[in-house]
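Everything on this sheet refers to the single structure shown next.
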Amino acid sequence: MTGDLRGRTVAVTAERRAEEQAELFRKRGADVVIAPTVHTVDLTDDDGLRSTTEAVIADPPDWLIATTGFGMRLWFDAAEAWGLDQALIGALGTSRVVARGPKAQSACRQRGLEVVWRAPRESMPEVVAWIRDQDGIGAASLVVQLFDPEDHPSTTELAGIAARVTAVPVYRWRRPDDEAPARALVHRMARREVDAVTFTSQPAVRFLLEVAEAEGVLSDVVAACNDGSVLPVCVGPVCAEPVAAAGIRTAVWPDPFRLVPMVKLAEERLVGLGDDSSANRRDESSANRSRVAFEDIDPATQDARTAMAAYFAELDRRFPGGFDPGDALDDGVAAFRPPTGAFVLARDQGRAVACGAVQALEDGVGEIKRMWVADDVRGRGVGAQLLAELEARAAALGYRTVRLDTNGELVEAIALYERAGYSSIGRYNDNPYAQRFFEKPLV
């Protein structure tokens, strides 16, 4: 275990496993602020859950969707307390079980339930899409274990697919009884007094933003994240969705989507933004982060054209046969404008040092284009930050997947994409300069 986070402050917004997460950061030398923004309400004592359980036992479903390991374990434990656990497991043993993620899969397997399919990216849209394609689903009955009855739009979608859907709410989330730590945290974020803040659920993000708005510092919190002063670290892309929806473009998440990889990613990003030779590491790294700021601009502006011209010039230098951009500076930029596109520029003390764009490719799929980082800022994590910015823009524009192409000569870019979770795919366009093609699901 390293002490690379000495002098850094990390805020933990989780309620469950908060101390475990905090200890992982403390072992790395960080100062930790625990400020829960969410409280889990156990619904297993609710009469409604017992009635639903008895109904499931009496009429076993054709399908079970297990969304969380925590929720499935709570349900099984509650059934055991009522003396119904064996009857419940027997009923669900006749069902085809689908798991949203590995924790839900593990909880089912521990009770002897075999999982027929698990969502690769751990998202409910994946589950809905897969269920929709199953034979006979239109006449089938389906049980969904909910992780929050007020936060499951997928339930409505499933109701339009299956003949009958039974929702099983096992717990729900609300804001904590004591909001003082959360209120103090949003003010510290606004004053840029924390280096990173971690989130392990969507409600934790939403409730923090609600508190920030109530305290009158929401715009300052968003600005502190977007200028690089505060790094939002989420456990996965689903958790990060409300971050992007709030206009925060700098959220990062690990792959796999787990607590320990999330802590390691936070460490890597914070260390990568610092200066190991400095005695006053926190002050200098904060200054360094504030110099590299990302902003959305029109791709036809002079700054955007200058950055793209630098990108084209680099391709011309590096490609064995050179590179001819043709009229790409003029005719190709309209696709980089809202509502279907975006163009992002990074500045270092006012100078444009990186750029990238998002454009529509097909229904639900966006494409990342024109990604360039100046030579003199490479090695500072700008490329990874820029890629995360572009992915956040794509998600905010409604794309569920992003694709990109590159040339085999750009080995640094290929390594970056692979580290960021992109998978190689077949050719999807006729770009004569493209030799490698990549794709990444965002949800």
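Counting in the working numbering, the final residue of the sequence shown is number 454, and the numbers go up one at a time with none missing. Heads up, the beta-carbon is just placed ideally off N, CA and C, and yes, glycines get one too. Just so we're clear, the structure is a prediction, and the values are computed from it rather than from any experiment.
From what residue to what residue does the alpha helix (DSSP H) around residue i run?
i	result
Ser62	58 to 69
Lys114	113 to 121
Ile45	Careful: Ile45 lies outside any alpha helix (DSSP H), inside the beta strand (DSSP E) at 42 to 45.
Ile100	96 to 103
Ser230	229 to 237
Phe81	80 to 92
Trp128	Looking at the DSSP string, Trp128 is not in any alpha helix (DSSP H); the run it does join, the beta strand (DSSP E), is 126 to 129.
Val197	191 to 201
Trp141	135 to 143
Arg430	422 to 430
Phe218	213 to 225
Using 10 angstroms around the beta-carbon of residue i, count the other beta-carbons present and answer buried if the total reaches 16, otherwise exposed.
i	result
Thr261	buried
Val457	The structure shown does not extend to residue 457, since the chain is modelled only from 12 through 454, so no value can be given for it.
Lys38	exposed
Gly227	exposed
Pro248	buried
Gln396	buried
Arg438	exposed
Asp206	buried
Ala298	Confidence at Ala298 is low in this model, with a pLDDT of 40, below 50, so the placement of that residue is unreliable and no value is reported for it.
Gln313	exposed
Val127	exposed
Gly82	buried
Val233	buried
Ala223	buried
Sorted by chain position, which residues of the same chain lie with C-beta nearer than 7 Å to residue i's C-beta, five sequence neighbours on each side aside?
i	result
Ala311	Val344
Glu125	Val108
Ala225	none
Arg316	Leu340
Asp15	Arg39, Gly40, Glu278, Val282
Arg27	Thr51
Looking at the unbroken beta strand (DSSP E) that takes in residue i, where does it start and where does it end?
i	result
Arg183	182 to 185
Asp374	Careful: Asp374 lies outside any beta strand (DSSP E) and carries neither H nor E.
Val355	353 to 359
Ala22	20 to 23
Leu257	The sequence shown places Ala at residue 257, not Leu. Unbroken run through Ala257: none, as it is neither H nor E.
Thr417	412 to 417
Phe334	Counting along the chain, Phe334 falls outside any beta strand (DSSP E), and DSSP gives it neither H nor E.
Pro452	447 to 452
Ala110	107 to 110
Leu54	Taken as a continuous stretch (DSSP letters only), Leu54 belongs to no beta strand (DSSP E), as it is neither H nor E.
For residue i, collect the residues of the same chain with a Cβ closer than 6 Å to its Cβ; drop the 5 residues on either side in sequence, then sort them by chain order.
i	result
Tyr428	Phe449
Arg293	Any reading at Arg293 needs caution, since the residue's pLDDT is 38, under 50, leaving its predicted position unreliable; the model's value is listed next. So the qualifying residues of the chain are Gly18.
Cys245	Phe210, Ala251, Ala262, Trp264
Ala150	Ala174
Ala365	Ala357, Val384, Val393, Leu397
Asp441	none
Asp231	Ala201
Leu75	Leu103, Ser106, Val108, Val154
Arg129	Ala110, Gln116
Lys451	Val413, Gly432, Tyr433
Can you tell me which of the options puts its alpha carbon nearest to the alpha carbon of residue i?
i	options	result
Leu398	Glu420, Gly227, Arg430	Arg430
Ala363	Val228, Gln121, Met319	Met319
Glu168	Val139, Ser62, Arg194	Val139
Thr412	Arg348, Gly394, Tyr433, Ala321	Tyr433
Arg348	Glu378, Leu153, Val155	Glu378
Leu8	Arg111, Thr64, Gly82	Nothing about residue 8 can be reported from this structure: the residues present for the chain run from 12 to 454 only.
Arg132	Gly123, Pro113, Asp309	Pro113
Glu31	Glu279, Val274, Leu408	Val274
Ala406	Ala353, Pro192, Thr317, Gly94	Ala353
Ala257	Ala235, Gly59, Arg269, Pro187	Ala235
Gly171	Arg143, Pro192, Thr417, Arg194	Arg143
Leu372	Arg381, Asp335, Arg414	Arg414
Arg61	Glu34, Glu26, Val44, Leu99	Leu99
Asp58	Ala77, Asp266, Ala90, Ala29	Ala90
Any C-beta of chain C sitting closer than 8 Å to the C-beta of residue i?
i	result
Arg186	Going by chain labels, chain C is absent from the structure shown, which holds only one protein chain.
Output needed for residue i: all residues of its chain with C-beta closer than 8 Å, excluding positions within five of it in sequence on either side, in chain order.
i	result
Thr177	Thr63, Ala66, Val67, Pro72, Ser152, Leu153, Val154, Val155
Gly409	Gly375
Thr105	Pro71
Thr166	Val155, Leu157, Val176, Ala178
Is the region 349 to 359 close to the region 326 to 333, with three or more CB pairs under 8 Å? no
Segment contact, 8 Å Cβ cut-off, at least three pairs: the region 80 to 97 with the region 244 to 254: no
Is it the case that the region 40 to 55 contacts the region 208 to 223, given that we only count it when at least three CB pairs across the two stretches are under 8 Å? yes
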